[in-house]
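Have a look at the structure below before the remarks.
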Amino acid sequence: MSEATSELYSWRASIIKKQLMALTGLMMCGFLLVHLAGNLLLLKGSDVFNQFAYLMVNNPIIIGLEWLLLLVFLMHTTIGFRLILENQRARTKAYAVRSTVARGSKFAFISMSVTGPLMMVFIIVHLFDLKFGSEYLVVQSDLEVRDLYRTVVEFYSSEVNVAIYIAAMCATALHVQHGFWSAFQTFGLSHARYNRLVELSSDVFALVILIGFGMIPIYFLLGYS
Amino acid sequence: MRFTLRIWRQAQQETTGRFVDFAVEDIPAEMSLLELLDSINRGLILESADPVAFDHDCREGICGMCSLVINGRPHGPGAGTTTCQLYMRSFADGETIVVEPFRADAFPVVKDLIVDRSAFDRIIAAGGYVTVTTGQTPEANDILVAKENAEEAMDAAACIGCGACVAACKNASAMLFVAAKVSHLSLLPQGQPEKSRRVLTMVREMDQSGFGNCSNEAECEAVCPKEISIGHIARMNRQYLFAMLLSGERS
Ligand code: FES
Numbered sequence: 000m001s002e003a004t005s006e007l008y009s010w011r012a013s014i015i016k017k018q019l020m021a022l023t024g025l026m027m028c029g030f031l032l033v034h035l036a037g038n039l040l041l042l043k044g045s046d047v048f049n050q051f052a053y054l055m056v057n058n059p060i061i062i063g064l065e066w067l068l069l070l071v072f073l074m075h076t077t078i079g080f081r082l083i084l085e086n087q088r089a090r091t092k093a094y095a096v097r098s099t100v101a102r103g104s105k106f107a108f109i110s111m112s113v114t115g116p117l118m119m120v121f122i123i124v125h126l127f128d129l130k131f132g133s134e135y136l137v138v139q140s141d142l143e144v145r146d147l148y149r150t151v152v153e154f155y156s157s158e159v160n161v162a163i164y165i166a167a168m169c170a171t172a173l174h175v176q177h178g179f180w181s182a183f184q185t186f187g188l189s190h191a192r193y194n195r196l197v198e199l200s201s202d203v204f205a206l207v208i209l210i211g212f213g214m215i216p217i218y219f220l221l222g223y224s
Numbered sequence: 000m001r002f003t004l005r006i007w008r009q010a011q012q013e014t015t016g017r018f019v020d021f022a023v024e025d026i027p028a029e030m031s032l033l034e035l036l037d038s039i040n041r042g043l044i045l046e047s048a049d050p051v052a053f054d055h056d057c058r059e060g061i062c063g064m065c066s067l068v069i070n071g072r073p074h075g076p077g078a079g080t081t082t083c084q085l086y087m088r089s090f091a092d093g094e095t096i097v098v099e100p101f102r103a104d105a106f107p108v109v110k111d112l113i114v115d116r117s118a119f120d121r122i123i124a125a126g127g128y129v130t131v132t133t134g135q136t137p138e139a140n141d142i143l144v145a146k147e148n149a150e151e152a153m154d155a156a157a158c159i160g161c162g163a164c165v166a167a168c169k170n171a172s173a174m175l176f177v178a179a180k181v182s183h184l185s186l187l188p189q190g191q192p193e194k195s196r197r198v199l200t201m202v203r204e205m206d207q208s209g210f211g212n213c214s215n216e217a218e219c220e221a222v223c224p225k226e227i228s229i230g231h232i233a234r235m236n237r238q239y240l241f242a243m244l245l246s247g248e249r250s
């Protein structure tokens, strides 16, 4: 009957996979906010931004967090793909007619399984475009630092690059709009008194991501640098 | 009223099915959809053809036997009702009504519109009960239940196990059904002793039956004939985590 609840099995249970998705997702939401704050320094000019970038890559705590972020990213993507496969396997014969209400995700027509993989591709490309992109050096207050500011400004002087970036930010906003409140539901943090607040925070967070990240390349494209 | 019913016909589990159109006329608006199927079947039987197989029992919305996805929605249009409570006045005159079985690999089609929902029975057998010692009926007021808990448990207990939640979920997840059962028992004092084991074993059985994973779209809540809230799913998620980390329920 109910004896064989093996410990091993529980870790692979649907609910636990979902909770790992929620945990890693929330951690990456935190990263997005820090990343956004860093990006906003671009608006303060090359000196401030390059100084900041220099401090980031030379801080052992930040480097440790970077490895943690990589682990979190790998967990979120591998479990995510597994969930996509399992969910496809759960209904192999499609309905002829389908009508949905989409209360849970206001943009259910673009589901997490679509925006997720798009974001994954973007993140990898984004790293190679910038972090591992063209390297310039510059001397700032007697210190030779990487001129990441120049790399960024150069890269986003192309309309195509900006368009791809904005599209990726739309996917990200949709993903977190559903993901953020979902994480609360998945951990069972649901209460009639606070649910509206959580859903509202989700919408606000998505807008902050979209506008915050989206405005920076447009700012540069319009020639304010 | 007149309608075209586009009904899924499938001889048995292994064969491939297809839609067959039935044109019907002079249908009174107060006829129920299941009565319409009955009348189509009478015609088929008189022609010595195979009648359309569909599930039903009480026909008053309490047993959970009727199923069907009607125009893309489990239990058809209208909130908080089952297929057996669906009347032809809910449709427009001349409408083509598409009738399909619940589709989920954990609910294989047996014949035409009938699917095998015994996966739900296995989930209940895995832990959806309370163990009681036999003997005298205990005095009803011996164990006090907070009013809020009694009501919340009653909301969950309204689940009739029809499987519309699975049918509506884009991942064919059974979370709302299992959550309703887990919630119902765990909110009551009688359900406490087996609370942790129950959630672990019921979820394990659910996973092994090949249902998908919940992605919080709330489609289940929208079609549930008993309007059971996804708040119960949140409660089950919480209980599962606590049971796994803290209860010491192991093999
Ligand atoms: S036949 Fe019993 S609920 Fe519909």
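These protein sequence lines map, in sequence, to chains A and B.
All letters in the first sequence, in the order written, are residues 0 to 224 by numbering that gives the first Met the number 0.
All letters in the second sequence, in the order written, are residues 0 to 250 by numbering that gives the first Met the number 0.
Even for Gly, the Cβ is constructed at its ideal location relative to N, Cα and C.
Check: Whole angstroms is fine: what's the gap from Met111(A)'s alpha carbon to Ser214(B)'s?; Outcome: 9 Å
Check: Which ranges would you report for the alpha helix (DSSP H) in the region 71-96 of chain A if only whole runs of at least 4 residues count?; Outcome: none
Check: If you follow the beta strand (DSSP E) that Asp20(B) is part of, which residue opens it and which one closes it?; Outcome: Arg17 to Val23
Check: Does DSSP put Ser200(A) in a helix, in a strand, or in coil?; Outcome: helix
Check: Around the C-beta of Phe131(A), are 16 or more other C-beta atoms found within 10 angstroms, so that it is buried, or is it exposed?; Outcome: exposed
Check: Would you mind sorting Glu2(A) into buried or exposed? The rule is 16 or more other CB atoms within 10 Å of its CB.; Outcome: The predicted position of Glu2(A) is uncertain, since its pLDDT is 45 and thus under 50; no value can be drawn from it.
Check: Spell out the partners DSSP gives Tyr86(B) in its beta bridges.; Outcome: Ser31(B)
Check: Sorted by chain position, which residues of the same chain lie with C-beta nearer than 6 Å to Ala167(A)'s C-beta, five sequence neighbours on each side aside?; Outcome: Phe121
Check: Using a C-beta to C-beta distance shorter than 9 Å, which residues of chain A count as neighbours of Arg237(B)?; Outcome: Phe186, Gly187, Leu188 and Ser189
Check: Using a Cβ cut-off of 8 Å (strictly closer), state whether Cys65(B) contacts chain A.; Outcome: no
Check: Okay, do the region 66-85 of chain A and the region 9-24 of chain A touch, 3+ Cβ pairs below 8 Å being the bar?; Outcome: yes
Check: Going by the DSSP bridge assignment, what does Ala103(B) pair with across the sheet?; Outcome: Phe106(B)
Check: Starting from Arg5(B), trace the beta strand (DSSP E) in both directions and tell me its first and last residue.; Outcome: Phe2 to Arg8
Check: Checking contacts by CB at 8 Å: is Thr91(A) closer than that to chain B?; Outcome: yes
Check: Using a cut-off of 7 Å between C-beta atoms, extract the partners of Met74(A) located in chain B.; Outcome: Simply none; closest approach about 16 Å.
Check: Just to confirm the assignment, what range does the alpha helix (DSSP H) spanning Arg116(B) have?; Outcome: That residue, Arg116(B), is in no alpha helix (DSSP H); it is neither H nor E in DSSP.
Check: For the beta strand (DSSP E) that contains Glu151(B), what are its first and last residues?; Outcome: Element bounds for Glu151(B): not the beta strand (DSSP E) but the alpha helix (DSSP H), Lys146 to Ala156.
Check: At a threshold of 7 Å, does Cys158(B) count as lining the ligand FES (C-beta to nearest heavy atom)?; Outcome: no
Check: Tell me the rounded alpha-carbon separation between His267(B) and Met0(B).; Outcome: The displayed coordinates of chain B run from 0 to 250. Any statement about residue 267(B) would go beyond what the structure contains.
Check: Determine the contact status of Ile6(B) and Phe21(B), defining contact as a CB-CB distance below 8 Å.; Outcome: yes
Check: Could you tell me which chain B residues have their CB closer than 7 Å to the CB of Asn86(A), listed as they occur along the chain?; Outcome: Asn170, Gly211 and Asn212
Check: Since Ser200(A) and Phe179(A) are thought to touch, with beta carbons under 8 Å apart, how far apart are those beta carbons, to the nearest angstrom?; Outcome: 7 Å
Check: Taking a contact to mean a Cβ-Cβ separation below 8 Å, would you say Tyr218(A) touches Leu32(A) in this structure?; Outcome: no
Check: So Gln139(A) is in the beta strand (DSSP E); what residue range does that whole segment cover?; Outcome: Leu136 to Gln139
Check: With burial defined as no fewer than 16 other Cβ atoms inside 10 Å of the residue's Cβ, what is the status of Cys168(B): buried or exposed?; Outcome: buried
Check: If we count the other Cβ atoms within 10 Å of its Cβ and call it buried at 16 or more, is Arg192(A) buried or exposed?; Outcome: exposed
Check: Assuming Ala242(B) and Val177(B) form a contact by the criterion Cβ under 8 Å, report the distance between their Cβ atoms to the nearest whole angstrom.; Outcome: Going by Cβ atoms, the distance from Ala242(B) to Val177(B) rounds to 13 Å, so no, they are not a contact pair.
Check: With a floor of 3 residues, list each beta strand (DSSP E) that falls wholly inside the region 127-180 of chain A, ordered by position along the chain.; Outcome: 136-139 and 142-145
Check: Taking three-plus beta-carbon pairs below 8 Å as touching, is the region 77-92 of chain B in contact with the region 213-232 of chain B?; Outcome: yes
Check: Should Asp206(B) go down as buried or exposed, given a rule of 16 or more other Cβ atoms within 10 Å for buried?; Outcome: buried
Check: Counting only beta-carbon atoms, is Ala12(A) nearer than 8 Å to chain B?; Outcome: yes
Check: Which value, in whole angstroms, describes the spacing of the CA atoms of Leu25(A) and Ile78(A)?; Outcome: 15 Å
Check: Distance, Cα to Cα, Ala89(A) vs Asp104(B)?; Outcome: 5 Å
Check: What residues of chain A sit near Asp206(B), judged by a beta carbon separation below 7 Å?; Outcome: Ala12 and Ser13
Check: In terms of residues, what are the limits of the alpha helix (DSSP H) holding Gln135(B)?; Outcome: Run containing Gln135(B): none; DSSP gives neither H nor E here.
Check: For Asp232(A), which residues in the same chain have their Cβ closer than 7 Å to its Cβ, ignoring the five residues on either side in sequence?; Outcome: Nothing about residue 232(A) can be read from this structure; chain A reaches only from 0 to 224.
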